[in-house]
Structure formats: C-alpha cells, structure tokens
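Let me begin by presenting the structure, written as structure tokens, before commenting on it.
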Amino acid sequence: MKIINTKNIILCIMLAPATLRAQQLITMSNKCFRQVEAGNKQNDQGQYREARDTFTNVLKNCSTKDAKEEGNVGLAIASNGLKQYDSAITAANNAIKASKKTNVMAYYARSYAYSNLGQAENAKADLQKIIELTGKNKDIKARATIFARLAHLDFQLNMLAAADTNLTKAIELDPDNPAFYIQKGDMMVKTGNYDDAFAAYDKALDLGKNDLEIYQIRTEARLKQIQQKYGTTDIKELSGKMTKQEKHTLCADMKKALELGLRNLQLDLLSSMICE
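Read in order, the letters of the sequence shown are residues -22 to -1, 1 to 254 in mature numbering (1 follows the signal peptide of the UniProt record, and there is no 0).
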C-alpha cells in the first residue's frame, strides 16, 4: 500500500476504540447471499477477477439494500486487488450510499484506493471517518470484531504488519472468541509460519471450537505444510517421505475430520495409506 502522510492516521485506527455498526437485517435471498459469500472467498484467495465478476453479477441481479451494500464492498476490494483504483472508489461510493454512510469497510477500501492514487487528503478523510464511526459504540465484542475485519482486509491487501496489529487488538479485546485464533492461524499458514498457525488453532480448540470446520482447517493446513516440505502432491510419494511424527500429527486431525463427516476422496486414500 502506498502511504503518503497517513501513517499516524492508520496508527490511530489500530489503537482507538472501535466498533461495528449495528447488524443490519439480512434481506437478500439465499441465492444472492451464497453469491456474496462466494465472492468474498474469491477475494480472500486473491482471485480478484473472479470476485469482480461475481459481485458484478450480484449487483445486476440482487436489488435489496444489503445486497447493494455488500456487493459494492466486495467489488471495491476486488478492484483494489486488480489495481483498478478508480473503479474501487466508484464501488465504495455506492456502498457508502447504500449504507447511509455507515459502512466501515467501504471507507477503508476507498481510503486504500485514494492512497494508491496519491490522493493523501482524501485517504486521510476516510480514515478519520472510520475512527468517528468506530468510536461511538462501547460494545467490546463489536469493537473486537471491527479490528478483526480490518485485519482481514489488511491481509488481503498484503499489509501484513497492520493485519497482525489489528488482529492482536481484536484478541486483546475479546480473548475468548475462537474465530480470531482461526483467523490468526489462517494468516500464519498463508505466510508459511506453520508452528504459529497450529498454536493458534490449538487455542481455538481450547476455547471449545471442536467441530468439523476446525479439523478440516487443521487437516488442510498440515497437508499443505507437508506438500510444501517435500515438493509434491502425489499421495504415494508423500506417504514414502513423511516421518513417523508427521504421519501421527496429520492422521490425528484427518481422522477426526473424517469422523465428523468430511467427504474427500484424496484424504480417504491418504488416510488408508498412512494411518494405522
């Protein structure tokens, strides 16, 4: 991110009290909701062109207020990822209008676009608006959630230090929320810090997150770690190269995920080959 005279403003966001706006009533159809979720996942994975197409379709076919708001936020994030900053500003403007000037993520996405266009004063104004919006509500859990959401967007935009700072703040405010530790673990996996990732996932387990989702996440992370270590995705080759300890740790999570209902032919085959 190109930051011109905005460092202190960004620091204020990290340290100032923050909150989410009141949760709006979800009015979009199930189909539109699934499309928004799919687009968000594409943005998470850096598939910005696909996300742009998905959110363009949402805005074409879904007319409710929340669809317009979330669709334009997603489109703004995708446009920033594609370095199409003018388009990002247009989408963010539409999200801000749909939300009646309350969507924090839209202001954040617009600030990022402004900064990359060298419009430092506009970027500062949006960051100041975020501080204003997030400083009113005293709900600690909501404040924690906004820091986590900012960390999520920071990470999407490769602002790793800001992402870590914001997520740390979220955890400090709401240390018993397992979702924040999963988010931290996912960030660590994507940067190749597997020891820290599993420490975070372990903390989520300690906090009672003991369902299919967490074991699927852990299994996929362990498998990715091993595939990267040995430079192959071939199941037979992996089986021959893995150490006894690696097999033990992978099997523990993989068996639990399969027991809880995960359906994956590759994992079934891998389990049969390496797990006793």
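The C-beta atom is built at its ideal place from N, Cα and C for all residues, glycine as well.
Treat the numbers as computed from the prediction; the structure is a model and nothing was measured.
Item, Value
"Rounded to whole angstroms, what's the CA-CA distance from Ser217 to Met251? Just pull it up for me.", "7 Å"
"Which residues in the same chain have their Cβ closer than 6 Å to the Cβ of Ala148, if we skip the five residues on either side of it in sequence?", "Ala122, Phe125, Ala126 and Phe158"
"Look at Tyr172 and Arg196 and say whether their C-beta atoms are less than 8 Å apart.", "no"
"Once you ignore the five residues that flank Thr32 on each side, which residues in its own chain have a CB closer than 7 Å to its CB?", "Gln13, Ala16, Gly17 and Gln20"
"Identify the continuous alpha helix (DSSP H) that holds Asp212 and give its terminal residues.", "Per DSSP, Asp212 belongs to no alpha helix (DSSP H) and is neither H nor E."
"May I have the straight-line CA-CA distance separating Leu(-8) from Lys222, to the nearest angstrom?", "Confidence at Leu(-8) is low in this model, with a pLDDT of 30, below 50, so its placement is unreliable and the value that follows should be read with caution. Using only the alpha carbons, I get a separation of about 45 Å."
"Could you give the uninterrupted runs of the alpha helix (DSSP H) lying entirely in the region 67 to 104, keeping only those of 4 residues or more?", "82 to 94"
"Out of Gln244, Phe11 and Gly163, which one is the CA nearest neighbour of Val36?", "Phe11"
"Report buried or exposed for Gly239, applying the criterion of at least 16 other Cβ atoms within 10 angstroms of its Cβ.", "exposed"
"Using a 10 Å radius around the Cβ and a threshold of 16 neighbouring Cβ atoms, would you call Arg200 buried or exposed?", "buried"
"So the candidates are Tyr208, Glu237 and Lys107; which of them puts its Cα closest to the Cα of Ile74?", "Lys107"
"I'd like to know if Gly49 contacts chain B, where contact means its C-beta is closer than 8 Å to some C-beta of that chain.", "Absent from the structure: chain B. Only one protein chain is present."
"State buried or exposed for Thr143, treating a residue as buried only when at least 16 other CB atoms are found within 10 Å of its CB.", "buried"
"DSSP state of Met232, grouped into three classes?", "helix"
"Just reading off the alpha helix (DSSP H) that Leu138 is part of, what are its end residues?", "Leu138 to Leu151"
"What residue range does the alpha helix (DSSP H) around Ser7 cover?", "Taken as a continuous stretch (DSSP letters only), Ser7 belongs to no alpha helix (DSSP H), as it is neither H nor E."
"Are the region 58 to 66 and the region 90 to 101 touching, with three or more C-beta to C-beta distances below 8 Å?", "yes"
"Compute the Euclidean distance between the alpha carbons of Asp212 and Lys43, then round it to the nearest angstrom.", "47 Å"
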